[in-house]
Every structure is written in C-alpha cells, then in structure tokens.
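Working notes for the structure below.
Number of protein chains: 2
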Amino acid sequence: MDLNERKLKILQAIIHDFVTTAEPVGSRTLSKKYELGVSPATIRNEMSDLEDMGYLTHPHTSAGRVPSQKAYRLYVNDLMSKYEIPQAEKNAIADELYSNITELDQTIEHAAKILSDITNLTSFAMTPKKDQDVLKFINLLPVDEKTIVLMIVSESGKVSNMTLKLRQGYDEESLSVLSKNMTYAYKGKTISEALTLDIVDTVHNDVSAMNTLKNSVMPSFMKTLEDMLNVNLYMDGLTNIFSIPEYNDIDRAKMFMELIDKKEDFTKTLIQRDDGLLITIGTENDDESMKECSMITATYHVDGKLVGKLGVIGPTRMKYSEISSVIEFLTDNLSNAYRLTGGDDDDDY
Amino acid sequence: MDLNERKLKILQAIIHDFVTTAEPVGSRTLSKKYELGVSPATIRNEMSDLEDMGYLTHPHTSAGRVPSQKAYRLYVNDLMSKYEIPQAEKNAIADELYSNITELDQTIEHAAKILSDITNLTSFAMTPKKDQDVLKFINLLPVDEKTIVLMIVSESGKVSNMTLKLRQGYDEESLSVLSKNMTYAYKGKTISEALTLDIVDTVHNDVSAMNTLKNSVMPSFMKTLEDMLNVNLYMDGLTNIFSIPEYNDIDRAKMFMELIDKKEDFTKTLIQRDDGLLITIGTENDDESMKECSMITATYHVDGKLVGKLGVIGPTRMKYSEISSVIEFLTDNLSNAYRLTGGDDDDDY
DNA sequence: TGTTAGCACTCACTTAATCAGAGTGCTAAC
DNA sequence: GTTAGCACTCTGATTAAGTGAGTGCTAACA
Numbered sequence: 001m002d003l004n005e006r007k008l009k010i011l012q013a014i015i016h017d018f019v020t021t022a023e024p025v026g027s028r029t030l031s032k033k034y035e036l037g038v039s040p041a042t043i044r045n046e047m048s049d050l051e052d053m054g055y056l057t058h059p060h061t062s063a064g065r066v067p068s069q070k071a072y073r074l075y076v077n078d079l080m081s082k083y084e085i086p087q088a089e090k091n092a093i094a095d096e097l098y099s100n101i102t103e104l105d106q107t108i109e110h111a112a113k114i115l116s117d118i119t120n121l122t123s124f125a126m127t128p129k130k131d132q133d134v135l136k137f138i139n140l141l142p143v144d145e146k147t148i149v150l151m152i153v154s155e156s157g158k159v160s161n162m163t164l165k166l167r168q169g170y171d172e173e174s175l176s177v178l179s180k181n182m183t184y185a186y187k188g189k190t191i192s193e194a195l196t197l198d199i200v201d202t203v204h205n206d207v208s209a210m211n212t213l214k215n216s217v218m219p220s221f222m223k224t225l226e227d228m229l230n231v232n233l234y235m236d237g238l239t240n241i242f243s244i245p246e247y248n249d250i251d252r253a254k255m256f257m258e259l260i261d262k263k264e265d266f267t268k269t270l271i272q273r274d275d276g277l278l279i280t281i282g283t284e285n286d287d288e289s290m291k292e293c294s295m296i297t298a299t300y301h302v303d304g305k306l307v308g309k310l311g312v313i314g315p316t317r318m319k320y321s322e323i324s325s326v327i328e329f330l331t332d333n334l335s336n337a338y339r340l341t342g343g344d345d346d347d348d349y
Numbered sequence: 350m351d352l353n354e355r356k357l358k359i360l361q362a363i364i365h366d367f368v369t370t371a372e373p374v375g376s377r378t379l380s381k382k383y384e385l386g387v388s389p390a391t392i393r394n395e396m397s398d399l400e401d402m403g404y405l406t407h408p409h410t411s412a413g414r415v416p417s418q419k420a421y422r423l424y425v426n427d428l429m430s431k432y433e434i435p436q437a438e439k440n441a442i443a444d445e446l447y448s449n450i451t452e453l454d455q456t457i458e459h460a461a462k463i464l465s466d467i468t469n470l471t472s473f474a475m476t477p478k479k480d481q482d483v484l485k486f487i488n489l490l491p492v493d494e495k496t497i498v499l500m501i502v503s504e505s506g507k508v509s510n511m512t513l514k515l516r517q518g519y520d521e522e523s524l525s526v527l528s529k530n531m532t533y534a535y536k537g538k539t540i541s542e543a544l545t546l547d548i549v550d551t552v553h554n555d556v557s558a559m560n561t562l563k564n565s566v567m568p569s570f571m572k573t574l575e576d577m578l579n580v581n582l583y584m585d586g587l588t589n590i591f592s593i594p595e596y597n598d599i600d601r602a603k604m605f606m607e608l609i610d611k612k613e614d615f616t617k618t619l620i621q622r623d624d625g626l627l628i629t630i631g632t633e634n635d636d637e638s639m640k641e642c643s644m645i646t647a648t649y650h651v652d653g654k655l656v657g658k659l660g661v662i663g664p665t666r667m668k669y670s671e672i673s674s675v676i677e678f679l680t681d682n683l684s685n686a687y688r689l690t691g692g693d694d695d696d697d698y
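Line order of the protein sequences matches chains A and B. No gaps in the numbering here: position 338 of the first sequence is 338 in this note's numbering, and each next residue is one more. No gaps in the numbering here: position 101 of the second sequence is 450 in this note's numbering, and each next residue is one more.
Structure, rendered in structure tokens:
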C-alpha cells in the first residue's frame with residue numbers, strides 16, 4: 001500500500017479541514033467541500049488505508065478522521081506550500097514592529113505581541129544569549145562618599161550597571177586607575193571568558209588602598225557579568241488559549257498555563273532548541289507536558305552574532321504554513337533592524 | 350431589627366465556614382460545627398433576619414446561605430480579629446525574602462512569589478513610582494567614534510542609561526563639559542520636574558560643536574527620564590486560580606486571565622489606589638470586571654520616600670485577616686530592607 | 001479492477017425523567 | 001423566645017430514550 005497522489009490529496013484536505021474547524025472530518029463533508037472527484041465511499045476506503053498507515057486516527061467508531069502527528073510531520077516536510085504573506089500585511093507588520101524601536105528588549109517584547117495578535121496563539125520571544133558578547137570597557141564612577149557605580153559596556157551596546165555601597169571611603173584616583181586596569185584586563189574578552197578569568201592574576205597592583213577597593217568591587221563585577229548572561233523571556237497572548245477548542249477543558253487549560261508559567265524551565269527548553277526555523281510536533285518535543293502541543297521557533301541575530309529566539313506554542317492543530325512565514329518574517333526584520341548599529345536607525349526598511 | 354450579638358456570632362460563623370469550604374452554609378452544618386448554643390431552627394430564624402438585612406444571600410431556595418459583599422465589609426471593618434503570623438512562619442518568610450536581596454526589582458518580584466505561595470492566590474508587586482526620585486548626576490561617556498553612553502544616576506541609587514549612536518563624531522572635551530552642564534542644570538530636581546524644565550534655558554552654551562552634541566543628546570535624555578518613571582509590575586500565582594472553585598468555569602477563568610493580562614490597565618488601577626493597607630471588596634473596585642473579586646494591597650517605601658505596592662487579587666471569598674497580615678508583614682520588611690541604603694546591607698534583620 | 005450506492009451498525013451527545021439529599025420556612029408545642 | 005416536626009423546594013446525579021454523524025461492509029456497476 002503506497003501513498004499515491006489521491007491519498008496525499010485526501011490527506012491534505014483532511015488536514016486543511018481539521019486545522020480550520022477543529023472537528024473530526026468525515027467522508028461526506030470532505031467530498032462536498034473539496035473537489036476530489038470521487039464519491040464519499042471511495043474517500044472512506046482511502047481514509048481507511050491512511051488510518052492503517054498511521055496518518056489518521058479515529059476518536060471513536062462513528063466519528064470522522066483526525067490527522068495524526070505523523071500526518072502533520074508529512075505535511076510540514078512535503079505537502080505544505082510556502083505561505084506568501086500579502087504585501088499589505090507585511091507592511092502592516094513591519095510598521096507595527098518598527099513603530100517603537102528603541103531598546104532591544106522593548107522591541108523583542110513588541111514582536112511577541114505582534115506574533116500572538118496575528119496567530120491567535122501564545123507567543124514568546126527571548127532576548128539574545130549574551131555569552132559571546134565582548135566586553136568593551138569597565139567604568140567605576142564616584143557617586144558619593146561611600147557609593148560608586150560600576151558600569152560595564154559591551155560590543156553589542158549593552159550597558160549594565162550596579163550601584164555599590166562600600167564599607168569605607170575611597171579616593172577617586174584609585175577608582176580611575178582600577179577602572180583602567182579592569183578595562184585593560186577584560187577588554188576583548190567575551191562575558192563567558194571573563195567569568196572564568198582568574199581575577200588575582202589579571203588585575204594586580206601594590207597599593208593597599210586600591211587592593212581593598214578592588215576586593216569590594218570584584219564580587220559585584222562578577223555578579224553583574226552573570227546578570228548580563230541572563231536572557232529575558234517575553235510572552236504574550238496567554239489568554240488566547242481560552243478561545244482554542246482543544247483547551248476548552250479546565251484541566252487542559254490549567255496544564256497549559258502551568259507549562260507556560262514555569263518561565264525558567266521554558267527558557268531552558270527554548271535555549272536548547274536548534275537554531276533557524278524549527279517546527280516540533282507533539283512528542284517531538286522533549287518536554288512531557290508538551291506532547292500534545294506544537295512549537296514553531298526561529299532565531300534572529302543581533303550584530304550578526306548574538307542569537308535570540310521567537311516563536312509560538314499551541315495545539316498540534318495549527319496553521320503551520322502561515323505561522324512559519326510570519327515568524328520568519330519577524331525574525332528577518334529583527335535581524336535586519338539590529339544588523340550593525342543597534343536599531344536606532346529607522347532608515348533601513 | 351438590630352444586629353445583636355448572636356446575629357454577629359452567626360454571621361461570623363457563616364463567613365468563616367464559607368471562606369474555608371466555598372459551599373453555601375446551612376443551619377444544621379452551622380449548629381454542628383460551631384458552638385452556638387442554639388438549635389438549627391433558631392439559627393434559621395436569625396439567618397432569615399440577616400438575609401432581610403442584606404448580609405446574606407440565597408443562591409436558590411433550598412441552598413444554604415452565602416455572605417454578601419456587605420457582610421464581608423462588616424467583617425473586615427468590625428468583626429475580623431488581627432491574625433498573628435506564627436513566629437516560625439515569620440522567620441521562614443523573612444528568610445525567603447532576604448535570601449536573594451540584591452537588586453530592588455528582583456526582590457520585589459521575589460516578594461510577589463512568596464505572597465502567592467502563601468496565599469494560593471494571584472499576587473502582584475509594583476516597583477516604586479519614581480516621580481519624586483531626585484537626580485544626582487548625569488554622565489556622558491565616550492564609547493567609540495560615534496557612540497556614547499548617557500547615564501543618569503538618581504538619589505535612590507537607580508542608574509539608567511542609554512547607548513546613543515550619533516550622526517557625527519564628537520570630542521571628549523565637549524562631552525565632559527556637557528555632562529557637567531547637564532548635571533548642574535538638573536541636579537536636585539525630581540524626575541517629574543526635570544521633564545518639565547525648558548531645556549534651552551538651562552543648558553546653554555555658545556560653542557557650535559557642543560550645541561550639535563547637545564541637540565543629539567537631549568531627546569534621548571528626555572526619553573530616558575520618561576523610562577525611569579515607568580514602574581514594573583510583577584505577577585505570580587496566575588495558575589492558582591485554577592484551583593479556586595469560583596473559577597472552575599472556563600469563562601470565569603478567562604475573564605480573570607484577561608483582567609490580569611492587561612498589565613498596563615492593571616498597573617494604572619494599582620497606582621490610583623490609596624496608600625497603606627487597603628481592602629476593596631466586589632463592587633467597591635472601580636473596575637467593572639473586578640466586581641466579583643476582592644483586592645488587598647499595601648504600600649512599601651524605599652528610602653522612606655518612593656512608594657511601591659504589593660497585594661493579591663482573588664474571589665471575594667478570601668481569608669481577609671490572614672492575607673492582610675502577610676501582606677503587611679511583607680511590606681514592612683521591604684520598607685525596612687530598603688530603609689536607607691538600598692538593601693545591600695544584610696545586617697538589619 | 002476500481003468505484004459507487006445502499007444499508008446496517010456504532011457511538012457520542014442531547015433531552016427528558018426520576019430520585020436522593022440538603023436545606024428552608026412554617027406551624028405548633030414547649 | 002426556642003425548638004421539634006414536617007411539607008416543600010431546588011439542585012445534582014443517574015438513567016433512559018432518541019438523534020445524527022459517520023463508518024464499514026456488501027453487492028452492483030463501469
């Protein structure tokens with residue numbers, strides 16, 4: 001029994017119908033709605049074959065057929081045609097995306113919102129991993145008697161700072177020298193590298209006062225570096241799931257919410273995913289609680305290097321083609337906006 | 350018909366029972382569970398009176414009674430005794446709160462988590478309003494040829510910055526002078542005041558190069574000031590509502606989620622609330638979609654000045670006494686931790 | 001040999017009916 | 001004023017019957 005053209009056509013029709021209606025699709029409906037050129041009886045025979053081959057399932061004897069995970073995978077790999085976003089919609093999305101492009105984080109958050117609005121699913125967007133971000137300089141600024149501000153600037157334009165309360169006073173001269181020493185020691189290192197550097201060897205000096213100062217500053221410096229590595233995860237469209245028939249059951253809705261609510265776990269899952277456009281269906285997801293969900297993600301780049309992710313999660317029944325296109329369009333635009341300069345230019349779209 | 354002592358006792362028992370069981374409470378249950386010293390029949394008569402007076406309602410003829418909003422208000426105002434948190438629990442909460450006290454934002458987020466864990470409700474915590482925060486100094490730092498970092502430090506220890514890409518180069522001398530001028534002009538002003546200052550009058554100079562520089566910097570400066578005014582709202586325990594009988598219905602759950610999901614509106618509602626411990630029950634909440642919820646909030650202070658808020662939202666049936674105590678305990682501890690120094694001391698608890 | 005019409009059969013879902021249980025409200029006695 | 005007794009009400013659970021969408025098989029047809 002092979003997957004001839006008619007079977008594929010029928011399977012595609014079933015997927016299309018089920019994705020839009022969320023109802024198991026029967027042979028009569030199929031023959032009425034789609035131009036298949038054969039009678040319901042014939043379709044029934046083919047459907048029966050498709051079920052034997054594992055592409056369809058049967059909720060119960062007298063219900064229509066539902067595509068299996070295997071069917072979706074076949075569809076995504078071979079059957080699905082690339083969805084071309086209408087130019088008008090492209091413009092609308094781009095306008096919306098660029099309407100508020102100041103800080104990277106805000107833009108990313110905004111992108112998630114746009115994505116959930118378009119797809120009516122739950123969307124998420126992760127700020128870039130910064131482990132490969134390169135340190136540019138370190139500055140220690142006097143604030144008052146016992147307070148200084150530690151500031152770390154990286155190549156990507158990211159500025160992190162921390163206010164430090166010292167146990168004792170300091171002199172500005174030492175502060176300035178320490179800044180220079182630290183910059184000298186860490187400049188050009190990635191954050192990951194900086195975190196593993198042995199401090200004692202790199203920032204050395206003899207003056208005792210400065211040594212004290214250094215000792216107060218270093219732990220905060222390390223802490224700030226660690227903070228810089230944290231990625232932010234923005235989510236949007238959480239309430240969209242209440243409009244999805246699959247989650248009309250309170251227990252399922254709860255399970256979904258709990259999955260989403262554990263942001264840290266979810267971020268980890270996200271980080272581990274391969275780069276590029278990636279569609280995972282049902283049990284293809286590692287996470288047990290996601291075995292009835294599908295996830296589509298894509299990566300965007302900042303300065304052509306740092307990598308962030310963007311995507312949606314929903315029931316396996318989703319419009320893979322449309323959604324993939326939208327996600328790719330968004331990541332392309334993000335990468336473009338943050339190509340070199342950091343996104344303050346508004347003349348490159 | 351007056352609210353004699355027995356009526357109050359019965360009302361209190363009904364509230365207590367309903368708050369814990371979520372089931373309408375009948376006269377027999379009441380007489381069995383509570384030492385009221387009278388028969389169910391008598392209780393029935395009193396209940397009937399209480400209903401006439403508007404303190405109880407009747408879901409249907411043959412159901413038990415349910416406290417009305419008026420009853421909860423009476424309870425909160427007059428009947429409720431102050432709940433003393435057991436010392437062991439106090440210690441546990443304090444330990445948990447102080448276990449991770451670095452940045453204010455993180456602590457606030459953590460406080461929300463603690464609160465939702467204890468109350469099994471949805472909690473929220475707002476970072477302080479910064480409009481009364483006073484500017485301390487402004488710094489412009491050279492990064493590279495056409496890039497500078499704008500940095501604003503305020504009295505509260507808050508440091509904000511923005512990376513600026515200039516259209517043309519600059520010289521460090523001008524940058525330094527401009528920093529000093531701006532600091533001179535804005536130091537001691539609150540953020541609100543700074544935003545209304547007329548720039549032209551305050552930062553004046555003749556050198557054309559510097560003028561250009563100033564013109565590039567000022568919009569970003571204003572933007573950064575505005576950003577500083579934004580408060581963050583952290584929420585936690587969203588999925589808790591799925592365990593609450595009142596929200597066992599998918600539509601109610603959805604309504605609740607949508608209410609919560611509109612973070613901006615919710616933040617506004619929160620900002621408008623009076624300071625101090627505040628309990629609003631049902632229709633006492635301005636928001637239409639909250640007319641079946643109660644909200645308890647309290648304020649904490651940073652440096653004895655800046656004001657943030659913390660609280661829970663849930664069904665009108667909640668443990669007002671316990672929850673109020675926990676919220677007060679948390680805000681007291683927060684205010685204490687950020688009394689003067691900014692929370693880096695870990696020796697004041 | 002593939003396709004189709006016809007028909008019996010299955011199963012979920014809906015509506016109606018019955019029943020048990022919890023609770024009230026009234027009355028009359030204490 | 002309090003209480004026991006009892007009829008009455010209403011909900012929620014359970015059961016039964018009916019409906020309809022859909023399948024799967026068989027036999028006829030091209």
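Built from N, CA and C at the ideal position, the CB exists for glycine as well.
| Asked | Found |
| --- | --- |
| Opening and closing residue of the beta strand (DSSP E) in which Y649 (chain B) lies | 642 to 651 |
| Three-way DSSP call (helix, strand, coil) for I501 (chain B) in this model | strand |
| Burial state of N333 (chain A) (16 or more Cβ within 10 Å) | buried |
| Own chain partners of R355 (chain B) with C-beta closer than 6 angstroms, once the 5 adjacent residues on each side are dropped | none |
| Distance, L627 (chain B) Cα to K358 (chain B) Cα | 25 angstroms |
| Selected residue, minimal CA-CA separation from V415 (chain B), among B:K603, B:K382, B:I363 | B:I363 |
| Sequence-distant residues of the same chain with beta carbon closer than 7 angstroms to S376 (chain B), five excluded per side | P389, I392, R393, M396 |
| For R414 (chain B), three-class secondary structure by DSSP | strand |
| Helix, strand or coil at D347 (chain A) [DSSP, three-state] | Low confidence applies to D347 (chain A): its pLDDT is 33, below 50, so where it sits in the model is not reliable enough to give any reading. |
| Y184 (chain A) burial status per 10 Å Cβ neighbour count (16 or more: buried) | exposed |
| Residue range of the unbroken beta strand (DSSP E) whose run includes P389 (chain B) | First-last for P389 (chain B): 389 to 401, but that is the alpha helix (DSSP H), not the beta strand (DSSP E). |
| C-beta neighbour in chain B for D348 (chain A), strict 9 angstroms | Low confidence applies here, because D348 (chain A) scores a pLDDT of 31, under 50, leaving its location unreliable; read the following figure in that light. False, the Cβ-Cβ gap to chain B never drops below 9 angstroms. |
| Own chain, CB closer than 8 angstroms to K129 (chain A), minus 5 neighbours either side, in chain order | L229, V231, I271, L306, V307, G308 |
| Candidates A:D275, A:L36, A:I260, of which the one nearest E124 (chain A) by Cα | The sequence given here places Phe at residue 124 (chain A); Glu does not occur at that position. Ranking the options by Cα distance to F124 (chain A), first place goes to A:I260. |
| Other residues of its chain near D344 (chain A): CB distance less than 6 angstroms, five sequence neighbours each side excluded | Residue placement at D344 (chain A) is flagged as unreliable, the pLDDT there being 42, under the threshold of 50; the coordinate-derived value follows with that caveat. Around D344 (chain A): no qualifying Cβ. |
| Burial state of D401 (chain B) (16 or more Cβ within 10 Å) | exposed |
| Where L238 (chain A) falls: helix, strand or coil (DSSP) | helix |
| Per-residue DSSP class, three states only, for S448 (chain B) | coil |
| Neighbour-count burial assignment, G586 (chain B), 16 or more Cβ in a 10 Å radius | buried |
| heavy atom of the ligand ATP below 8 angstroms from D249 (chain A) C-beta | In terms of ligand content, the structure shown is empty, and the ligand ATP therefore cannot be addressed. |
| Under 9 angstroms between C-beta atoms of V483 (chain B) and G537 (chain B) | yes |
| Distance, I281 (chain A) Cα to A441 (chain B) Cα | 43 angstroms |
| Any chain A beta carbon closer than 9 angstroms to S684 (chain B) | no |
| Under 9 angstroms between C-beta atoms of L464 (chain B) and V675 (chain B) | yes |
| T618 (chain B) and D635 (chain B) closer than 9 angstroms at C-beta | yes |
| Same chain, Cβ closer than 7 angstroms to G653 (chain B), five either side skipped, listed in chain order | R688 |
| Of the residues A:E292, A:Y234, A:E288, A:F137, the one placed nearest Y247 (chain A), counting alpha carbons only | A:E292 |
| Which residues DSSP lists as bridging G660 (chain B), in chain order | B:F473, B:T646 |
| Spatial distance of V368 (chain B) from L423 (chain B) (CA atoms) | 15 angstroms |
| Minimum Cβ-Cβ distance from D480 (chain B) to chain A less than 9 angstroms | no |
| Anticipated Cβ contact below 8 angstroms, S330 (chain A) with N240 (chain A), distance rounded | One point to set straight first is that residue 330 (chain A) is Leu, not Ser, in the sequence displayed. The pair is not a contact, with the Cβ atoms about 17 angstroms apart (cut-off 8 angstroms). |
| Where the region 155 to 167 of chain A meets chain B: residues whose CB sits under 7 angstroms from a CB there | G157, V159, N161, T163, K165 |
| T648 (chain B) classed as buried or exposed, judged by whether at least 16 other C-beta atoms fall within 10 angstroms | buried |
| Residue span of the beta strand (DSSP E) that contains K268 (chain A), given as start and end | Not the beta strand (DSSP E): K268 (chain A) falls in the alpha helix (DSSP H), residues 263 to 272. |
| C-alpha distance - F256 (chain A) paired with D249 (chain A), whole-angstrom precision | 11 angstroms |
| Burial state of Q87 (chain A), where buried means 16 or more other Cβ atoms lie within 10 Å | exposed |
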